[in-house]
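Peer 1: Below: one structure in structure tokens.
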Amino acid sequence: MEVQLAKPDISQKEIDSVVEVMKSGILSIGPKVREFEKRFEDYLGIKHAIAVNSGTSGLHLLIKANGIKVGDEVITTPFSFIATANCILFEGAKPVFTDICPKTLNMDFEGIEKKINGRTKAILAVDVFGNPVDIERLRAIARKYDLLLLEDSCEALGSEYNGIKCGSMADGAVFGFYPNKQITTGEGGIVVTNNDEIAELCRSYRSQGRAITGFWLEHERLGYNYRLSELNSALGIAQMNRLDEFIDKRSSIAEKYNARLSHIEGVTTPFIPLHVTRMSWFVYVIRLDSSIDRDKIMQHLLDNGVACRPYFTPIHLQSYFRKLYGYKEGDFPVTEEVAASTIALPFFNNLQDEQIDYVVSVLKEGLVKYA
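My numbering numbers the first residue of the sequence shown as 7 and each following residue consecutively.
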């Protein structure tokens, strides 16, 4: 059996929505973009949503619009997708890492305050794998030191912290819509904020620095082509109509994995803290005991048709971060230990029971062989 890692859930409604836009003759800078943005504003209860062509673009705009610049520092996690740190580097600022909690895999709060100094301008939190960070604790730290609190919620659309949706409690947040996310626009992202000035700047920056007047060739600042197309937006609207369905499907699959894996020696299933009142699963990532050779288990899965990936490689150990800042093994031991033990298993909306059973069976075979 071949079981792929991820797969978008596309129905005829999505196809019809995209075809409708193609027939309209308006493929960019049209009404679907604004409709998509309005869906997010209503869903999150946020004043502004600014659609862009990727979560990375959204993070960059959020950093830039908030005035973070050369010489500034932003505290974030080394356990994330690389874009979290890259967006800080784009503006010449420095990502300052703090280690993670070994259970939630989110930022360790004890280390944050130790990293704050006169150059610190913001905390960029990440809701890792869709698991909401304890945003109230971060807000308290940010208020104490008069820092911006930004949230990378690219993996957490629909997750809730004590009944409040991820991305709605920070000074600004970003969601991503790559095909393995809860919803997809093919490629895409969205910035959300309650700050009028930040929203205006993001809208300008995403469209070549255009002036608020909207005149076609009037530009008042250096900008980018980070726009989301009408086609992508139409797909996103149709996907948002099914978001609750998607979250329920993914929760059911996660529960099935938990039931099958929770009693297997050497395997740790994902931990969800009590403050998470709704978990919107991005991926399903297990951890193996340190005595087990993770890479051999992964190869065994791959050899038997089961797609898998290590999630994540520590950012500070990427080659160019080593060169930039001199990072080395041992700098963030919890991150490194976790990263060496993780396996993302196949996970998508329509994963079938027999596929889950096969994945678990192959995993068990590998554990018997290599544990």
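Using N, Cα and C, we set each Cβ at its ideal position, and we do this for glycine too.
It should be emphasised that the depicted structure is a prediction, and the values quoted were computed from it without experimental measurement.
Can you tell me which of the three DSSP states V374 falls into?
Peer 2: helix
Peer 1: Using a Cβ-Cβ cut-off of 7 Å (strictly less than) and excluding sequence neighbours within five positions of G98, which residues of its own chain qualify?
Peer 2: K75, V76
Peer 1: With distance defined between alpha-carbon atoms, name the residue in V282, G242, D363, T341 nearest to K44.
Peer 2: G242
Peer 1: Is the CB-CB distance between E79 and V102 below 9 Å?
Peer 2: yes
Peer 1: Mind reading off the beta-carbon distance from G173 to G182? Whole number of angstroms is fine, and I expect it under 8 Å.
Peer 2: About 11 Å separates the two Cβ atoms, so there is no contact after all.
Peer 1: Measure the C-alpha to C-alpha separation of A217 and I170 and round it to an integer number of angstroms.
Peer 2: Taking the Cα positions, A217 is about 34 Å away from I170.
Peer 1: Assuming I253 contacts G164 (C-beta within less than 8 Å), just tell me the rounded distance between them.
Peer 2: That belief holds up - the Cβ atoms of I253 and G164 are roughly 5 Å apart, short of 8 Å.
Peer 1: Looking only at its own chain, which residues have a Cβ that is under 6 Å from the Cβ of R209, when we skip the five neighbours before and after it?
Peer 2: Its chain contains I56 as the residues whose beta carbon lies nearer than 6 Å to that of R209, once the 5 sequence neighbours on both sides are disregarded; these appear in chain order.
Peer 1: Which whole-angstrom value describes the C-beta separation of A345 and R315, a residue pair presumed to lie in contact below a C-beta threshold of 8 Å?
Peer 2: Actually they are not in contact, since the Cβ atoms of A345 and R315 sit about 12 Å apart, beyond 8 Å.
Peer 1: In whole angstroms, what is the alpha-carbon distance linking L323 and F338?
Peer 2: 10 Å
Peer 1: Could you give the DSSP three-state label for F96: helix, strand or coil?
Peer 2: helix
Peer 1: Using DSSP bridges, identify the partner residues of V197.
Peer 2: I56, V180
Peer 1: With DSSP run on the structure shown, which of helix, strand or coil describes T62?
Peer 2: helix
Peer 1: When burial is assigned at 16 or more other CB atoms within 10 Å of the CB, is T283 buried or exposed?
Peer 2: exposed
Peer 1: Just to confirm the assignment, what range does the beta strand (DSSP E) spanning I81 have?
Peer 2: 79-82
Peer 1: Give the single residue among I81, P279, G311, S30 whose Cα lies nearest to the Cα of E166.
Peer 2: P279
Peer 1: Nearest-angstrom Cα distance between S239 and E335?
Peer 2: 42 Å
Peer 1: What residue does the beta strand (DSSP E) around L5 start on, and which one ends it?
Peer 2: Since the first residue of the chain shown is 7 and the last is 377, residue 5 is not available in this structure.
Peer 1: Can the beta-carbon of L155 be found less than 9 Å from the beta-carbon of L144?
Peer 2: With a cutoff of 9 Å on beta-carbon distance, L155 and L144 are scored as near each other.
Peer 1: Count the other CB atoms within 10 Å of the CB of Y211; is the residue buried (16 or more) or exposed (fewer)?
Peer 2: buried
Peer 1: Given H225, which residues of its chain have a CB within under 7 Å of its CB, disregarding the five upstream and five downstream residues?
Peer 2: Q214, G215, R216, A217
Peer 1: Put L308 into one of helix, strand or coil per three-state DSSP.
Peer 2: helix
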